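Structure first, commentary second.
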Amino acid sequence: MELEFADNDETESRSREVQLLQNVIEPDPEYQALFISDEANLLDISGLDSKEIEARIRFYFKGDLPAPLNIPVWQFIEMVKQKYPRWPEEWPPKH
Numbered sequence: 000m001e002l003e004f005a006d007n008d009e010t011e012s013r014s015r016e017v018q019l020l021q022n023v024i025e026p027d028p029e030y031q032a033l034f035i036s037d038e039a040n041l042l043d044i045s046g047l048d049s050k051e052i053e054a055r056i057r058f059y060f061k062g063d064l065p066a067p068l069n070i071p072v073w074q075f076i077e078m079v080k081q082k083y084p085r086w087p088e089e090w091p092p093k094h
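Residue 85 in the numbering used here sits at position 86 of the sequence shown, and the numbers go up by one each step.
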């Protein structure tokens with residue numbers, strides 16, 4: 000099996016995006032996950048119930064739920080970027 004490592008800029012960018020989502024779900028750093036695996040989903044990284052997590056994501060994304068909460072965080076980010084290509088640099092999107 001051959002491993003392929005992501006480019007450092009991409010890894011750093013993804014880390015910022017994951018941290019942003021984590022801040023939306025749980026703004027208090029004391030309650031944020033210390034480690035998020037590549038298989039973790041948004042429901043795994045918080046002690047909040049799924050309805051509260053969904054409400055916070057919908058609030059941040061202006062009522063939209065851009066992807067299912069039970070998919071891996073990395074996949075969630077990819078789906079957000081497909082829907083909002085300039086996220087998070089340009090948020091909210093300009094029409």
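Just so you know, even glycine gets a beta-carbon here, dropped at the ideal spot from N, CA and C.
As the structure is a computational prediction, the values presented were derived from the model and not from experiment.
- Task: From the DSSP output, in three-state form, read off N22 for me.
- Result: If DSSP states are grouped into helix, strand and coil, N22 belongs with the helices.
Let me confirm a value: A81 is counted as buried when at least 16 other C-beta atoms fall within 10 Å, else exposed. Which label applies? According to the sequence provided, residue 81 is Gln. The question's Ala does not apply to it. With fewer than 16 other Cβ atoms within 10 Å, it is exposed.
Using only alpha-carbon positions, find the residue among L68, F60 and P92 that is nearest to L47.
Taking only the C-alpha atoms, the option nearest L47 is L68.
What does a CB cutoff of less than 7 Å around W86 pick up in its chain, not counting 5 residues either side in sequence? The beta carbon of W86 sits closer than 7 Å to those of V79 and K80, all from its chain and outside the five residues before and after it, given in chain order.
According to DSSP, is P71 part of a helix, a strand, or is it coil? In this structure, P71 counts as strand in the three-state DSSP scheme.
Option nearest D63 by Cα separation, candidates P71, I52 and W73: Comparing Cα positions, the closest option is I52.
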